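*Asks:* In short: position in the sequence shown from 1, add 351, done, that's my numbering.
Cβ coordinates follow ideal geometry from the N, Cα and C atoms, glycine included.
Small disclaimer: the values here were computed from a predicted structure and weren't measured.
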Amino acid sequence: MDCALKPEKGCWLSGGKVNDYAWAYITGTNWIEEEDVCYENAEYESPIIAQNITDILKDRAIIDFRGQSDLVPESDSVYMRGFDTRNFVTAQDGLAIEKTGGYWGGHFVDFSLIPLGQIETIEIIPGPHSVLYSGKALGGVINIRTKVPERHETPEADFKVTTSYRSYNTQNHSIDVEGGIDWFDYGLLYQKYRTNGYLRNTESDIDTISGRLGFILPSDGYISLSASYTDKETGQPVANDPDTDNYDSDYPVVRQEDVSGRWKDPDRKPERFKEPYSFRFNMKQPTPIGSWTLGAYYTYENQVFDFKDKDEPQAKTCYTSWGGKIQDDIELFDDHLITVGFDTAQLSSRHTRKIVESYAGFIQDKWDIIPRLTLTAGFRYEDISINWSNWSSSKGGHYKDPAIQKEYIERDYHQIVPKSFLTYELDDLADVLRDTSLSVGVSRIWTPRSFCEV
Numbered sequence: 352m353d354c355a356l357k358p359e360k361g362c363w364l365s366g367g368k369v370n371d372y373a374w375a376y377i378t379g380t381n382w383i384e385e386e387d388v389c390y391e392n393a394e395y396e397s398p399i400i401a402q403n404i405t406d407i408l409k410d411r412a413i414i415d416f417r418g419q420s421d422l423v424p425e426s427d428s429v430y431m432r433g434f435d436t437r438n439f440v441t442a443q444d445g446l447a448i449e450k451t452g453g454y455w456g457g458h459f460v461d462f463s464l465i466p467l468g469q470i471e472t473i474e475i476i477p478g479p480h481s482v483l484y485s486g487k488a489l490g491g492v493i494n495i496r497t498k499v500p501e502r503h504e505t506p507e508a509d510f511k512v513t514t515s516y517r518s519y520n521t522q523n524h525s526i527d528v529e530g531g532i533d534w535f536d537y538g539l540l541y542q543k544y545r546t547n548g549y550l551r552n553t554e555s556d557i558d559t560i561s562g563r564l565g566f567i568l569p570s571d572g573y574i575s576l577s578a579s580y581t582d583k584e585t586g587q588p589v590a591n592d593p594d595t596d597n598y599d600s601d602y603p604v605v606r607q608e609d610v611s612g613r614w615k616d617p618d619r620k621p622e623r624f625k626e627p628y629s630f631r632f633n634m635k636q637p638t639p640i641g642s643w644t645l646g647a648y649y650t651y652e653n654q655v656f657d658f659k660d661k662d663e664p665q666a667k668t669c670y671t672s673w674g675g676k677i678q679d680d681i682e683l684f685d686d687h688l689i690t691v692g693f694d695t696a697q698l699s700s701r702h703t704r705k706i707v708e709s710y711a712g713f714i715q716d717k718w719d720i721i722p723r724l725t726l727t728a729g730f731r732y733e734d735i736s737i738n739w740s741n742w743s744s745s746k747g748g749h750y751k752d753p754a755i756q757k758e759y760i761e762r763d764y765h766q767i768v769p770k771s772f773l774t775y776e777l778d779d780l781a782d783v784l785r786d787t788s789l790s791v792g793v794s795r796i797w798t799p800r801s802f803c804e805v
């Protein structure tokens, strides 16, 4: 069984209790499976210095990597349990990442835009059985946890410089500074990645700057502020057919009939440019009525698609998104953990045109029925508003619904969704069953966003 998926009760990692699922830690280039969580002395070391999260996720059994080349970070290159990025949730600190750039119908999640230096753990939840996330999580959830502020007994400033070079002129360089004093914690990272790529016209050049500030609050609470900026330029793979005059033997053969019309001529050199940035806020504060967490974010991403043989860009897009979440975890007696909360998110185009807006409330009870049997069940209410395109450019252009003379039509959807997940631990039955469990989930699946462009 993939230990990153196995529910663990009461395990401890670096002094922090994990309530829901087993975790895998990222330290430098390693994906470390802690001894008391997964397999004894189990440790996985990547043969390369990871450039982005995809370099780590692609080795998990539940993840299917479908990128054209792992040298060039692409959008939507990861599938989960057979579902593409439209049908599982990618979240950062429990807040779902909305569509990030590109045209309608694609480019949903670009993992290269999440700074690797800010990440502490990655949580993988299989299936649509958690009320903490939206109904589009048909395949499950990838929740990326960023670093939590730490108290420093003495002033600290740790510098780390890494560099690597490998085939296809692939270079990965980074400078990481972390430290703090007393109740103040900080981190700053610069990363430079470039490659000539494996396929023709897949040169990439990516610069990322990210930083975070943390403040320790009374009663072991904290506030964390983070920001990131990326300058990314990538080439689109093109045909490299030996039957044509412009064939280049330095690259693998890609027949013209195997690519779409736009990518048949390598001399056109299609490229994508983007300069996205994001801001995030996280807060946690234990109180007599539970442990409260609060999160909020704002992201901006533009993208320009261009051919070298054209004077003007062929397409420009601009997306903004914001969201927030408040949650309270309440321990009742010794065997119940009650979670209540509310979340909201909005995705817009060019700052002005709202595409989708959602509001949701949830309540969940994690009940330890017996030491080896746990039931997690609850309800989620979602209210979603979507502006659907009512315009078709075919046949000279026309409204899809002639009765409504508007380019976009707003539709509202709402539903109460019950979810449940029962887990039976087999660890103490036999040595061969260590880190093994049986789970059954019974949940309602509902979302108006599963196969749409938003």
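1) When the Cα atoms are used, what is the spatial distance from F632 to Y651?
2) List in chain order: all unbroken beta strand (DSSP E) runs of 3+ residues lying wholly within the region 701 to 729.
3) Is the distance from the Cβ of R744 to the Cβ of K751 below 8 Å?
4) Within the region 472 to 520, note down every full alpha helix (DSSP H) run reaching 4 residues or more, in order along the chain.
5) Are V589 and N552 closer than 8 Å when you measure CB to CB?
6) Let me know the secondary structure DSSP gives K667 once reduced to three states.
7) Is it true that the CB of R606 sits closer than 8 Å to the CB of D592?
8) According to DSSP, what are the bridge partners of K583?
9) For K746, which of helix, strand or coil comes out of DSSP?
10) Here's a check: name, in chain order, each residue in its chain whose Cβ is nearer than 7 Å to the Cβ of G572, leaving out the five neighbours to either side.
11) Does DSSP put T787 in a helix, a strand or coil?
12) Pull up the distance between the alpha-carbon of G586 and that of T521, whole angstroms please.
13) Please state the DSSP three-state secondary structure of P639.
14) I need the straight-line Cα distance from G816 to D594, nearest angstrom please.
15) Where does E652 fall in DSSP's three states?
16) Could you pull out every residue in the same chain whose Cβ sits closer than 6 Å to the Cβ of N392, ignoring the five residues on either side in sequence?
17) Classify I755 as helix, strand or coil using the three-state DSSP reduction.
18) Just the C-alpha distance for K625 and N738, rounded to the nearest angstrom, thanks.
19) Can you find the residues in the same chain that come closer than 6 Å, C-beta to C-beta, to S672, ignoring five residues on each side of it along the sequence?
20) Quick check on the burial criterion: 16 or more other C-beta atoms within 10 angstroms. Buried or exposed for D596?
21) Alpha carbon to alpha carbon, how far is K757 from V707?
22) With distances taken Cα to Cα, identify the nearest neighbour of I493 among P569, K409 and G646.
23) Any contact between the region 566 to 583 and the region 608 to 622? By contact I mean 3 or more CB pairs, one from each, below 8 Å.
24) Relative to the alpha-carbon of L777, which residue among R723, D601, K659 and Q402 has its alpha-carbon at the smallest distance?
25) Take the Cβ of K717 as the centre, count every other Cβ of all protein chains shown within 10 Å, and call the residue buried at 16 or more, exposed below.
26) Measuring CB atoms only, is the region 550 to 570 touching the region 432 to 443, in the sense that at least three cross pairs come out at less than 8 Å?
27) Closest to I557 by CA distance: which of W534, A578, G692 and S525 is it?
28) Run the CB neighbour count on T798, radius 10 Å, all protein chains shown included, and call it buried at 16 or more, exposed below.
29) What did DSSP end up calling W673 once you bin it into helix, strand or coil?
30) So I495 and I473 are in contact, right, with Cβ under 8 Å, and what is the actual spacing, rounded?
31) Please go through the same chain and pick out, in chain order, the residues whose beta-carbon is closer than 6 Å to the beta-carbon of S709, but skip the five residues on each side of it.
32) Taking just the CA atoms, how far does Q665 sit from K659?
33) Given a threshold of 16 other Cβ atoms within 10 Å of its Cβ, counted over all protein chains shown, does R437 qualify as buried or as exposed?
34) Which residues in the same chain as V528 place their Cβ atom closer than 6 Å to its Cβ, once the five residues preceding and following it in sequence are excluded?
35) Do the CB positions of I681 and F693 come within less than 8 Å of each other?
36) Would you mind giving the Cβ-Cβ distance between P424 and S463, rounded to the nearest angstrom? I have them listed as a contact below 8 Å.
*Replies:* On the basis of the supplied data:
1) Looking at the two C-alpha atoms, the distance is approximately 15 Å.
2) Listed in chain order, they are 704 to 721.
3) Note that residue 744 is Ser in the sequence shown, not Arg. In this structure, K751 does not lie closer than 8 Å to S744 by Cβ.
4) Fully contained in the region 472 to 520 is no alpha helix (DSSP H) run of length 4 or more.
5) Cβ atoms of V589 and N552: closer than 8 Å.
6) In this structure, K667 counts as strand in the three-state DSSP scheme.
7) Against a cut-off of 8 Å, the Cβ pair of R606 and D592 comes out as a contact.
8) I557 and K625, per the DSSP bridge assignment.
9) K746 falls in the helix class under three-state DSSP.
10) Spatial neighbours of G572 in its own chain (CB-CB distance under 7 Å, excluding positions within 5 residues in sequence) are listed in chain order as K635, Q636 and P637.
11) The three-state secondary structure of T787, taken from DSSP, is coil.
12) Taking the straight line joining both Cα atoms gives about 14 Å.
13) In the structure shown, P639 sits in coil (DSSP, three-state: anything other than H, G, I, E or B).
14) For the chain, the structure presents residues 352 to 805; residue 816 sits outside this window and is missing.
15) When DSSP states are grouped into helix, strand and coil, E652 belongs to the strand group.
16) Its pLDDT being 30, under 50, N392 is placed unreliably by the model, and the measurement read from it follows with that caveat. Taking N392 as the centre and dropping the five residues before and after it, the same chain places no C-beta closer than 6 Å to its C-beta.
17) The three-state secondary structure of I755, taken from DSSP, is coil.
18) C-alpha separation (whole angstroms): 25 Å.
19) Taken in chain order, the residues that qualify are E449, T650 and L698.
20) Around the Cβ of D596, a 10 Å sphere holds fewer than 16 other Cβ atoms; the residue is exposed.
21) Distance between the alpha carbons of K757 and V707 is about 17 Å.
22) Among P569, K409 and G646, the Cα nearest to that of I493 is on K409.
23) At 8 Å Cβ cutoff, the stretches do not touch.
24) The shortest C-alpha separation from L777 is found at R723.
25) Buried, because 16 or more other Cβ atoms sit within 10 Å of the Cβ of K717.
26) Flag = no, the region 550 to 570 and the region 432 to 443 do not touch.
27) The shortest C-alpha separation from I557 is found at S525.
28) T798 is buried by the Cβ-count criterion.
29) DSSP places W673 within a strand segment (E or B) once states are collapsed to three.
30) Their Cβ separation, rounded to whole angstroms, is 6 Å, which keeps I495 and I473 in contact under 8 Å.
31) A696 and I735.
32) Between K659 and Q665, the C-alpha separation is close to 10 Å.
33) Sixteen is the threshold: when 16 or more other Cβ atoms of the shown chains lie within 10 Å of the Cβ of R437, as they do, the residue is buried.
34) So the qualifying residues of the chain are F510 and L539.
35) It is not a contact, given that the beta carbons lie outside the stated cut-off.
36) Contact flag correct, Cβ pair sits at about 3 Å.
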